[in-house]
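Residues in the sequence shown are numbered from 1 upward in steps of one, following full-length UniProt numbering.
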Amino acid sequence: MANTNFDVDSFNFGRIIRSNIQPRNVVIQRSTGLGAPPGVLIERSSRYASSVTAPILGAAGIGVNEIKFTRDKEKKDMQDLNERFASYIEKVRFLEAQNRKLGDELERLKLKWGKETNNIKLMYQTELDEAKKLLDDSDRERQKLQVRVSALEEQIDILRRK
């Protein structure tokens, strides 16, 4: 905040009040993505001076207080908004990271799920193929036996008729 001192000089024609506001140095550091190297240092120096006559000082003092109060309130409001915005950004980044983590886990589970079911299928497919082969063999054997039984029954019928 600027340091303000008032010098009061009395003349024959009235009072003159001069404000001695000291120069203010402001250092702004910003990094830009528009080709400027990061960490560019900008210094700004300003000098302010004013003089106010006594009759105007009373009205101006009230306005200055109102302006100062308004600026302080706006500054506090901006700080509050900035804090809320920062917490919002932090929450968004956290949720994005969590979303990426869940997406990776989903992909891992999809890959794992397919492999496990294929392993089980291969394990039982061999047993199923062997069982089908045995079933086919036994079916052929049964058909052969039925043909033989039929032939033997015919021979028995022929022998009984003699």
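For every residue, glycine included, the Cβ atom is placed at its ideal position computed from N, Cα and C.
- As the crow flies, the alpha-carbon of A151 is around 26 angstroms from that of L134.
- Straight through space, the alpha carbons of K101 and D139 are spaced by roughly 56 angstroms.
- Look at K162 here: in three-state DSSP terms it is coil, with no helix or strand label.
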